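Chains as they are written, first to last, in our numbering: chain A, 1 to 163; chain B, 164 to 823. All C-beta atoms in this analysis are idealised placements derived from N, C-alpha and C, irrespective of residue type, glycine included. In this text the structure is predicted, and so the values were computed from the model without any measurement. Note sheet for the following structure.
Here you go:
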């Protein structure tokens with residue numbers, strides 16, 4: 001086999017694998033990507049029941065109800081709209097009313113968001129970034145949500161001011 | 164005083180790095196031996212000063228000197244000593260200092276043990292190391308100085324994030340950094356080769372052990388991080404396809420490819436240009452990982468935009484080094500001579516296939532990690548790319564690779580015999596088929612995918628063993644002879660066997676854990692019994708306890724199997740007063756390679772406690788596999804060929820130069 005033939009075989013093989021990989025990626029992009037919404041975006045966009053998405057917002061104070069066998073329901077609000085959420089399982093350590101959360105799941109026929117995962121990160125002032133950005137965009141951001149950024153991850157621009 | 168000394172040492176290290184980046188290169192240009200030798204002494208002195216700086220920060224943390232911002236923000240006088248030490252790198256500034264310390268360590272090692280390198284190559288390599296070091300010293304001194312003082316020192320510190328107060332922090336980041344930063348050596352060698360326009364098998368023989376060292380640490384570091392997340396986060400998950408995890412997986416994939424292509428280069432003097440490119444890409448991915456984790460871009464694109472100093476600085480370093488090295492590559496790669504020929508079906512061909520699949524798999528991880536960031540920056544739309552994406556892209560690319568793994572070592576260099584290799588793998592194939600059949604019958608239905616995947620894993624493990632049997636002539640010659648032959652085999656052959664078997668072992672663990680994992684979630688009161696996978700777990704009671712810097716609620720469980728008491732398990736929930744945070748400490752009970760896992764949730768008003776119990780069959784194999792891989796790497800590293808490795812002519816040439 002000459003150098004040229006070898007090179008052609010290798011290039012051909014590589015292109016074949018890359019084409020397969022590209023097809024896989026595009027296919028996965030279509031099916032498995034989850035979009036992020038807030039309750040008001042849900043109201044605007046009319047997301048169909050059964051379509052998975054991530055819901056972010058603040059847990060409305062007084063809305064948390066615990067049912068039998070770890071069933072929980074609460075309402076997520078973003079200032080202009082609310083959405084009821086149902087979940088079964090153990091809530092994260094930092095789940096509290098009034099706190100920002102992100103839940104992943106889908107709407108059911110009655111318009112309740114059935115969550116199969118609820119995320120709230122391990123830090124008492126942590127606001128999930130999607131929630132914070134969405135709230136800021138809508139003008140519901142209060143500065144005290146982000147007053148103390150987490151020490152290890154977030155940059156601390158004004159070290160002098162924190163003394 | 165200590166803080167100032169540490170700061171000053173760091174500045175001196177920067178000055179030394181600047182000298183080391185320029186003088187040796189000039190020396191190499193002019194052929195001046197004295198100037199080229201400057202690299203050696205500056206690299207060693209740099210290591211000394213960085214070490215001084217690092218030790219200074221450690222002692223500040225240990226003595227709880229809260230007049231230093233970094234200590235105040237991340238430490239507490241009541242914190243146990245080990246976490247005072249590990250807390251040094253549990254924050255941004257300290258972890259960057261650890262990063263440069265390890266970089267200086269690798270530079271120092273090349274300087275100390277590089278006596279048998281051609282002089283100009285050593286000068287170039289150390290100069291490139293110093294470029295990287297200078298960039299990161301500047302980054303630390305300008306944007307992330309860990310030695311800043313507070314004018315009015317507070318009495319008490321803010322404590323370390325409780326999730327990080329774990330032995331995992333002592334092991335995981337240093338290991339990971341030894342891996343990440345270790346790849347800087349192969350990068351420096353690649354750039355040096357491009358600068359010199361010369362590359363040969365001796366070059367590969369030099370690069371391979373360094374790559375191997377970095378790869379071993381990265382493998383162990385990733386495995387350790389995964390186990391840490393598994394027991395600390397309380398969710399029982401061990402891999403989340405989180406961008407931070409992907410940031411360490413990408414250099415690992417590229418590094419694994421590099422390890423294999425370096426073999427081709429060393430043995431057959433082929434794939435030179437590709438090996439150089441892989442060296443550059445591997446370290447570029449390490450830099451990208453550093454950028455993703457350290458710039459804050461993952462925490463919030465928004466925070467990145469409002470306080471861009473750090474992020475932009477690292478981004479700049481990233482662009483200069485990746486862009487610069489790739490430009491140099493495009494410009495100089497054609498100078499390098501082409502290597503030997505080989506047929507597609509050959510050991511070389513198999514290793515090319517390995518590289519092709521590993522780099523493509525790495526590319527899919529790259530897309531999955533960066534696409535959401537790019538989309539958010541460009542359109543503001545937020546998406547999350549999680550496990551489903553990677554299951555659909557990464558997994559299908561890894562399957563053909565796994566099938567090919569046992570064939571590689573059985574093919575001959577230059578021109579292989581696929582049919583012969585397949586014949587020699589018959590036993591492995593039969594073992595795989597038996598495993599599939601037995602599992603199919605035993606699990607009765609369920610996922611059809613799981614027995615097939617385990618069959619594949621058995622094939623990989625049995626394939627690695629067949630290679631060994633083939634080489635020793637086991638079953639063909641008397642056992643004693645086979646044993647003697649086994650002892651005579653090169654250590655690198657044993658390394659290959661262990662590393663490849665490790666892949667199969669990890670796959671078995673992954674499949675078993677994801678398929679036959681059972682879960683119990685419920686509210687439990689004292690004397691309640693939970694049943695899972697044949698085990699009975701009785702909640703005996705809940706007690707409160709005071710720890711050094713936390714209060715904890717401990718639940719006592721008695722575990723029994725078939726009415727026989729096995730052991731007690733005590734999961735707990737800790738409350739850290741300083742940060743008003745709580746963490747969940749899961750309890751683990753190991754039975755063979757399987758584990759029972761209990762973590763606690765909220766307490767209800769009536770005293771019942773939410774409990775999450777998992778039974779995870781063969782879960783430990785997930786981490787045992789990487790340990791086997793790393794062990795294989797160490798065996799390979801101890802191979803005589805690599806230790807003696809240095810080319811004789813180089814020594815001779817140096818002797819002649821010295822005589823001039």
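* Is the CB of residue 85(A) under 8 Å away from at least one CB in chain B? -> no
* Asked: Beta-carbon of residue 74(A) versus every beta-carbon of chain B: anything under 8 Å?
  -> no
* Asked: If you scan the region 76–107 of chain A from start to end, which runs of the beta strand (DSSP E) of 3 or more residues do you find wholly inside it?
  -> 82–88, 100–107
* From the beta carbon of residue 445(B), is the nearest beta carbon of chain D less than 8 Å away? -> Absent from the structure: chain D. Protein chains present are A and B.
* **Contact under 8 Å by Cβ, residue 663(B) with residue 623(B)** => yes
* Asked: Ordered along the chain, which non-local residues of its own chain (more than five positions away) have a Cβ less than 7 Å from that of residue 444(B)?
  -> 417
* To do: Put residue 687(B) into one of helix, strand or coil per three-state DSSP.
  => strand
* **DSSP state of residue 699(B) mapped onto helix, strand, coil** => strand
* Whole-angstrom distance between residue 113(A) and residue 516(B), CA atom to CA atom -> 46 Å
* Asked: How close, in whole Å, do the beta carbons of residue 757(B) and residue 789(B) come, if the pair is a contact with beta carbons under 8 Å?
  -> With 8 Å as the limit, residue 757(B) and residue 789(B) do not qualify as a contact, their Cβ atoms being about 18 Å apart.
* To do: Compare the C-beta of residue 336(B) against all C-beta atoms of chain A and say whether one is closer than 8 Å.
  => no
* When the Cα of residue 577(B) is compared with those of 288(B), 686(B), 430(B), 619(B), which residue comes out closest? -> 430(B)
* Nearest-angstrom Cβ-Cβ length linking residue 427(B) and residue 420(B), presumed shorter than 8 Å -> Between residue 420(B) and residue 427(B) the Cβ distance is about 11 Å, and since that is not below 8 Å, they are no contact.
* Asked: Within 10 angstroms of its Cβ, does residue 164(B) collect 16 or more other Cβ (buried), or is it exposed?
  -> exposed
* Does the distance from the C-beta atom of residue 107(A) to that of residue 47(A) stay below 8 Å? -> yes
* **Residues in the region 423–454 of chain B having any Cβ partner in chain A nearer than 8 Å** => none
* From what residue to what residue does the alpha helix (DSSP H) around residue 566(B) run? -> 550–567
* To do: Just mark residue 122(A) as buried or exposed, buried being the case when its beta carbon has 16 or more other beta carbons within 10 Å.
  => With a pLDDT of 40 at residue 122(A), under the threshold of 50, the modelled position of this residue cannot be trusted, and the question is left open.
* Reference residue 773(B), options 74(A), 101(A), 102(A), 67(A), closest by Cα -> 67(A)
* **Buried versus exposed, by CB contacts within 10 Å (16 or more), residue 287(B)** => buried
* Compare the beta carbon distance of residue 655(B) and residue 799(B) with 8 Å and say whether it is the shorter of the two. => yes
* Does the region 198–217 of chain B touch the region 180–190 of chain B, meaning 3 or more C-beta pairs lie closer than 8 Å? -> yes
* Asked: Which word fits residue 327(B), buried or exposed, when buried means at least 16 other C-beta atoms lie within 10 angstroms of its C-beta?
  -> buried
* Quick one: grab the DSSP three-state call for residue 180(A). => Here chain A covers residues 1 to 163 and nothing more, so residue 180(A) does not appear.
* To do: Compare the C-beta of residue 816(B) against all C-beta atoms of chain A and say whether one is closer than 8 Å.
  => At residue 816(B), the pLDDT of 41 sits below 50, so the modelled position is not reliable; the number obtained from the coordinates is stated separately. Not one chain A Cβ lies under 8 Å of residue 816(B).
* Give the range of the alpha helix (DSSP H) segment to which residue 371(B) is assigned. => 364–395
* According to DSSP, is residue 640(B) helix, strand or coil? -> coil
* Asked: Cα separation between residue 525(B) and residue 337(B)?
  -> 23 Å
* **Every unbroken beta strand (DSSP E) within the region 32–76 of chain A, with a cutoff of 3 residues, ordered by chain** => 33–37, 53–59
* To do: Please name the residue in 264(B), 570(B), 646(B) whose C-alpha comes closest to that of residue 218(B).
  => 264(B)
* To do: Using three-state DSSP, classify residue 750(B) as helix, strand or coil.
  => strand
* When the Cα of residue 452(B) is compared with those of 671(B), 437(B), 478(B), which residue comes out closest? -> 478(B)
* **Reduced DSSP category for residue 260(B) - H, G, I as helix; E, B as strand; rest coil** => helix
* To do: Please list the residues of the region 3–16 of chain A that have a C-beta atom closer than 9 Å to any C-beta atom in chain B, keeping them in chain order.
  => 3, 6, 9, 10, 13, 14
* **Backbone CA spacing between residue 124(A) and residue 92(A) [nearest angstrom]** => Below a pLDDT of 50, predicted positions are generally treated as unreliable, and residue 124(A), at 38, falls in that range; no measurement from the model is reported.
* What residues from chain A crowd round residue 765(B), counting only those whose CB sits closer than 8 Å? -> 90, 91
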